[in-house]
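This report refers to the structure that appears directly beneath it.
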């Protein structure tokens, strides 16, 4: 696969297990995440970089990296797939990740086949993203546990709707980019 994977997490426990799993998935390369500059440079070689987040007891500790990716000025990073590997199907963890703009949350068992199927959903598909002052990520409206008031629903403020396709050769293709202003009162 002509994509790179960064593993976000500790060098032991869930982080080490996720690093081992990722190495067996056919990525062009896999490494622990260190800096955004490193990831930005990597996008020049492999146009898609997956960010795989290991399970943690402190989900908020992931927000800094998730926001750095989602609000990057580099398109190839900004639209990178963010995937959290949750050790339990906790509603709090899943909704927390979704509210941070993650593309997917994968729960156990982390079998090679299952993980590859979920990752395949991120490539070659039309995906809708929304951008508001407080959120940038996939369309999550109407899903349980999603914080309301993010500015995505009609009449709540200015927002942007983008339709993208990730391609392993060319990277990120923006198919459609619509800007919406607040409705007059």
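Residue numbers (the working numbering): 1390 to 1574.
We put the CB at the ideal spot given by N, CA and C, even for glycine.
- If you draw a straight line from the Cα of residue 1525 to the Cα of residue 1519, it comes to about 6 Å.
- The residues 1417, 1435, 1436, 1437, 1557, 1558, in chain order, have a CB closer than 8 Å to that of residue 1391 in the same chain once the five nearest residues on each side in sequence are set aside.
- Close CB contacts of residue 1461 within its chain, under the 8 Å cut and outside five residues either way in sequence, are with 1425, 1429, 1467 (chain order).
- Our two residues, residue 1503 and residue 1572, have alpha carbons roughly 43 Å apart in a direct line.
- By the C-beta criterion, the region 1448-1458 is judged to be in contact with the region 1468-1480, since at least 3 inter-stretch pairs fall below 8 Å.
- Close CB contacts of residue 1457 within its chain, under the 8 Å cut and outside five residues either way in sequence, are with 1425 (chain order).
- For residue 1446 and residue 1529, the gap between their C-alpha atoms comes out near 24 Å.
- Here residue 1488 is buried. Its C-beta has 16 or more other C-beta atoms within 10 Å.
- The residue from 1398, 1507, 1560, 1570 with its alpha-carbon nearest to that of residue 1432 is 1560.
- Using a Cβ distance threshold of 9 Å, residue 1396 and residue 1402 do not count as a contacting pair.
- Residue 1475 sits close to residue 1486, with the two beta carbons spaced by under 9 Å.
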